[in-house]
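Student:
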Amino acid sequence: MALPVIKAIEDCSNITKTVLPYLPQLSTDVGVSYLPIYNAHFAIYAHLSGLPAGRLDNVLAFSTIWSLRLTFNYWRKGGYSIGSEDYRWEVLREKIPPALFFVFNIAFISLAQSILLFLIATPSYVMLLTARYGAPWTTADLVFSRGLVTLVVLEYFADGQQWNYQTAKQQYLKTAKVQGGFDQEALDRGFVTSGLWSLSRHPNFAAEQTIYGWSYTCGAAGPVE
3 MALPVIKAIE DCSNITKTVL PYLPQLSTDV GVSYLPIYNA HFAIYAHLSG
53 LPAGRLDNVL AFSTIWSLRL TFNYWRKGGY SIGSEDYRWE VLREKIPPAL
103 FFVFNIAFIS LAQSILLFLI ATPSYVMLLT ARYGAPWTTA DLVFSRGLVT
153 LVVLEYFADG QQWNYQTAKQ QYLKTAKVQG GFDQEALDRG FVTSGLWSLS
203 RHPNFAAEQT IYGWSYTCGA AGPVE
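First residue of the sequence shown? That's 3 in our numbering, and the numbers climb one at a time after it.
1) Does DSSP classify V21 as helix, strand or coil?
2) Could you give the DSSP three-state label for E2: helix, strand or coil?
3) Have a look at G56, T18, N41 and flag the residue whose alpha-carbon is nearest the alpha-carbon of A142.
4) Return the chain-ordered list of same chain residues with a C-beta closer than 6 Å to the C-beta of S147, the five sequence neighbours on each side being excluded.
5) Can you find the residues in the same chain that come closer than 8 Å, C-beta to C-beta, to G197, ignoring five residues on each side of it along the sequence?
6) Once the 5 residues before and after V226 are set aside, which same chain residues still bring their CB inside 8 Å of it?
7) Can you list, in chain order, the residues of its chain with a C-beta nearer than 6 Å to that of C220? Leave out the 5 residues immediately preceding and following it.
8) Taking the straight line between their C-alpha atoms, what separation do you get for W139 and L121?
9) Among residues of its own chain, excluding the 5 on either side of C14, which ones have a beta-carbon nearer than 8 Å to its beta-carbon?
10) How long is the line joining the alpha carbons of Y211 and A45, rounded to whole angstroms?
11) Where V128 and L119 are concerned, what is the direct C-alpha to C-alpha distance, given to the nearest angstrom?
12) Quick check: what's the CA-CA separation for L113 versus G149?
13) From T124, S35, L189, pick the residue whose C-alpha is nearest to that of R78; which is it?
14) Tell me whether E12 is buried or exposed, calling it buried when 16 or more other Cβ atoms sit within 10 Å of its Cβ.
15) Which class does K79 belong to by DSSP, given the choice of helix, strand or coil?
16) Return the CA-CA distance between L53 and G215, expressed in angstroms with no decimal places.
17) I need the DSSP call for N16, collapsed to helix, strand or coil.
18) Does the distance from the C-beta atom of T180 to that of A170 stay below 9 Å?
19) Is DSSP giving T140 helix, strand or coil here?
20) Rounded to a whole number of angstroms, what is the C-alpha to C-alpha distance between L22 and H204?
21) Judging by CA-CA distance, which residue of H43, S69, Y47, Y89 is the nearest neighbour of V151?
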């Protein structure tokens, strides 16, 4: 959404020009890519308290990689440009009344999403609690940490495949030229079905949900002596 230009004193008292256009700049989406690093304070606390921090250090390392992937993906989509917003909100805004979208903005986009993102760090808190028992590093921990890295690598490749397809499709729609290693039938279809996308309708989402479930399950099932 383009930001309005204030041309007169009267414009300063117009909420549609001085307030509403800037609300999307407070987007929750912008902070999503940074929030996985919130796990850091659990690892720091464990080190300062003299608790075993191996598991938390591994989660922090994974979280940093995860955040880099999210940040890069959001950046190349133009997410950090002034006035940009998630395309889904624009579609939704066109389908529901402004008053209802305002309620949705406060209740879900701003509040519910923030709570869900806060809960991403819940498995780390569980690991911090079990660290008090001093359980040693096990093969299960190795599988857990490598599993997380594998999932984020899968997400990275799925991101690239989706990006390459969408780039080729947009060029095809503008110039009618088939490129990017795709054929005309694939571009006419409108969505990618090759690579990881031949195995799942949305491998990014599948891997993301698996990360949440894998993290909590492994954290809650941490060894206790």
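Glycine is no exception: its CB is placed at the ideal position from the N, C-alpha and C atoms.
Values in this document were obtained by computation on a predicted structure and should not be read as measured data.
Tutor: With the given structure in hand:
1) Your numbering for residue 21 matches position 19 in the sequence shown. DSSP places V21 in coil when its eight states are reduced to three.
2) Limits of the chain in this structure are 3 at one end and 227 at the other, which puts residue 2 out of reach.
3) For the purposes of this step, residue 142 is taken as the residue at position 140 of the sequence shown. Of G56, T18, N41, the residue nearest in Cα terms is G56.
4) Counting from one through the sequence shown, the residue named residue 147 turns up at place 145. Result list for S147: N60, in chain order.
5) By one-based count along the sequence shown, residue 197 stands at place 195. So the list reads F159, A160, Q163, once near-sequence residues are dropped.
6) Within the sequence shown, residue 226 is the residue found at index 224, counting from 1. For V226, the predicted model reports a pLDDT of 47, less than 50, meaning its position is unreliable and no value from the coordinates is stated.
7) The residue labelled residue 220 in the question sits at position 218 within the sequence shown. Around C220: F146.
8) If you number the sequence shown from 1, residue 139 lands on position 137. If you number the sequence shown from 1, residue 121 lands on position 119. Using only the alpha carbons, I get a separation of about 25 Å.
9) For the purposes of this step, residue 14 is taken as the residue at position 12 of the sequence shown. So the qualifying residues of the chain are I8, T20.
10) Translated into positions along the sequence shown, residue 211 becomes position 209. Translated into positions along the sequence shown, residue 45 becomes position 43. The amino acid occupying residue 211 in the given sequence is Gln; Tyr does not appear at that position. If you take the alpha carbons of Q211 and A45, they lie about 23 Å apart.
11) Walking along the sequence shown from the start, residue 128 turns up at place 126. Walking along the sequence shown from the start, residue 119 turns up at place 117. When only Cα atoms are considered, V128 and L119 end up about 16 Å apart.
12) Within the sequence shown, the letter at position 111 stands for residue 113. Within the sequence shown, the letter at position 147 stands for residue 149. Between L113 and G149, the C-alpha separation is close to 31 Å.
13) Taking the first residue of the sequence shown as position 1, residue 78 is located at position 76. For R78, the nearest C-alpha among the options comes from S35.
14) By 1-based counting over the sequence shown, the position of residue 12 is 10. Exposed, by the Cβ-count rule.
15) Within the sequence shown, the letter at position 77 stands for residue 79. K79: coil per DSSP, three-state reduction.
16) Within the sequence shown, numbered from 1, the residue matching residue 53 stands at position 51. Within the sequence shown, numbered from 1, the residue matching residue 215 stands at position 213. Distance between the alpha carbons of L53 and G215 is about 25 Å.
17) The count along the sequence shown starts at 1 and reaches residue 16 at position 14. Residue state, collapsed to three classes: coil.
18) Mapped onto the sequence shown, residue 180 falls at position 178. Mapped onto the sequence shown, residue 170 falls at position 168. Correcting the residue identity first, residue 180 is Val in this sequence and not Thr. Yes, these two residues count as a Cβ contact at 9 Å.
19) Along the sequence shown, one-based indexing puts residue 140 at 138. If DSSP states are grouped into helix, strand and coil, T140 belongs with coil.
20) Taking the first residue of the sequence shown as position 1, residue 22 is located at position 20. Taking the first residue of the sequence shown as position 1, residue 204 is located at position 202. Rounded to the nearest angstrom, the two C-alpha atoms are 33 Å apart.
21) The residue given as residue 151 occupies position 149 in the sequence shown. Of the candidates H43, S69, Y47, Y89, the one whose C-alpha sits nearest the C-alpha of V151 is S69.
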